[in-house]
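Take a look at the structure set out below.
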Amino acid sequence: MKIVGLTYLRGVSQMYVKPDVALLVNRKPFFLPHFSEQIEAHRCVVAKISRMGRCIEARFASRYYEEVAPACNFMVRGLNENTGLDSLTKGLAFDNSMAVGEFAKAGEMKLSWYADGVELPGTDLAEGIDNAVAEVSRYVTLRTGDMVAIDYKAEALPLQREMVITAKSGDEELLYCKVK
504 MKIVGLTYLR GVSQMYVKPD VALLVNRKPF FLPHFSEQIE AHRCVVAKIS RMGRCIEARF
564 ASRYYEEVAP ACNFMVRGLN ENTGLDSLTK GLAFDNSMAV GEFAKAGEMK LSWYADGVEL
624 PGTDLAEGID NAVAEVSRYV TLRTGDMVAI DYKAEALPLQ REMVITAKSG DEELLYCKVK
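Next comes the structure, spelled out in structure tokens:
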């Protein structure tokens, strides 16, 4: 299982890959890593791939996922000033750097995001889910169980200890993540 995503950095959408150890699930807390406390959260949506595909056209992409979930993509703050693949990889691919919430049927989720109980603005994804699946599949073969993450264009949230990030669809809380 791998996580491949599109994030909105430097004014353009960029692709990244995270290993399976980046996954943080089951409402476990996110511990600020030892190498930096300058971490920010990028809100995103994750599509779980349900069948293998490569070079998928956007018009057929919805056939390759059935469920989506809210997620937080944690990255080292100031990544925008750094250049090169090495800084992007180090800033995104560390352990527990992707908190993923509960999955729901694609198209049935209308998300509201909160930080410490205050609703957050901005709901535009960097790419549509179908376009993101198509774009990622141009470079990486997607297998059953892989996840494609699409970050929102909204401002990143600088993390502080004891901060709580949640995402709700209606009254149902799908994502809960406490920072420690």
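Residues in the sequence shown are numbered from 504 upward in steps of one, following my numbering. Every residue, glycine too, gets a C-beta built ideally from N, C-alpha and C. Because the structure is a prediction, the values reported are computed rather than measured.
On a CA-only basis, which of the options is nearest residue i? Give me that one, please.
{"i": "Glu540", "options": "Glu605, Phe577, Glu675 and Glu676", "result": "Phe577"}
{"i": "Asp633", "options": "Ala561, Ala602 and Leu645", "result": "Ala561"}
{"i": "Val515", "options": "Leu662, Leu677 and Ala657", "result": "Ala657"}
{"i": "Ala544", "options": "Cys680, Gly673, Ala659 and Glu675", "result": "Ala659"}
{"i": "Ser600", "options": "Thr626, Leu535, Asp619 and Tyr617", "result": "Leu535"}
{"i": "Gly508", "options": "Val549, Ile542, Leu526 and Asp523", "result": "Val549"}
{"i": "Pro573", "options": "Lys613, Ser640 and Arg580", "result": "Lys613"}
{"i": "Tyr519", "options": "Arg664, Trp616, Ile653 and Gly620", "result": "Ile653"}
{"i": "Met555", "options": "Lys505, Lys593, Leu623 and Glu630", "result": "Lys505"}
{"i": "Glu675", "options": "Phe563, Glu665, Asp598 and Ser615", "result": "Ser615"}
{"i": "Cys575", "options": "Phe563, Ala564 and Gly604", "result": "Gly604"}
{"i": "Pro661", "options": "Glu638, Ala564, Ile542 and Gly631", "result": "Ile542"}
Report the CB separation of residue i from residue j in whole angstroms; it is logged as a contact under 8 Å.
{"i": "Ala670", "j": "Val651", "result": "Contact doesn't hold; Cβ gap of about 17 Å is too wide."}
{"i": "Ile559", "j": "Tyr567", "result": "6 Å"}
{"i": "Tyr679", "j": "Cys547", "result": "Rounded, the Cβ-Cβ distance is 16 Å, inconsistent with contact."}
{"i": "Asp598", "j": "Met666", "result": "Not quite, the Cβ-Cβ distance comes to about 19 Å (not below 8 Å), so this is no contact."}
Measure the Cβ-Cβ separation of residue i and residue j and say whether it is below 8 Å.
{"i": "Leu645", "j": "Ile552", "result": "yes"}
{"i": "Ala596", "j": "Lys521", "result": "yes"}
{"i": "Gly594", "j": "Val579", "result": "yes"}
{"i": "Arg557", "j": "Ser672", "result": "no"}
{"i": "Val643", "j": "Arg664", "result": "no"}
Please return the same chain residues whose Cβ sits closer than 6 Å to the Cβ of residue i, not counting the five positions on each side in sequence.
{"i": "Tyr617", "result": "Thr669"}
{"i": "Tyr511", "result": "Ala629, Asp654 and Lys656"}
{"i": "Gln463", "result": "Since the displayed the chain opens at 504 and closes at 683, residue 463 lies outside it and no answer follows."}
{"i": "Ala564", "result": "Asp633, Val636 and Ala637"}
Identify, in the order they occur along the chain, each residue of the same chain with its Cβ nearer than 8 Å to the Cβ of residue i, setting aside the five sequence neighbours on each side.
{"i": "Leu677", "result": "Ala572, Pro573, Gly604, Glu605, Ala607, Met612, Leu614, Ala670 and Lys671"}
{"i": "Gly648", "result": "Met504, Lys551 and Ile552"}
{"i": "Glu686", "result": "What the structure shows of the chain is the stretch from 504 to 683, and residue 686 is not part of that stretch, so it cannot be assessed."}
Return the chain-ordered list of same chain residues with a C-beta closer than 7 Å to the C-beta of residue i, the five sequence neighbours on each side being excluded.
{"i": "Val524", "result": "Asp598"}
(message) Does the segment 607-618 come into contact with the segment 523-535, if we say contact requires no fewer than three beta-carbon pairs (one atom in each stretch) closer than 8 Å?
(response) Output reads no: the segment 523-535 does not touch the segment 607-618.
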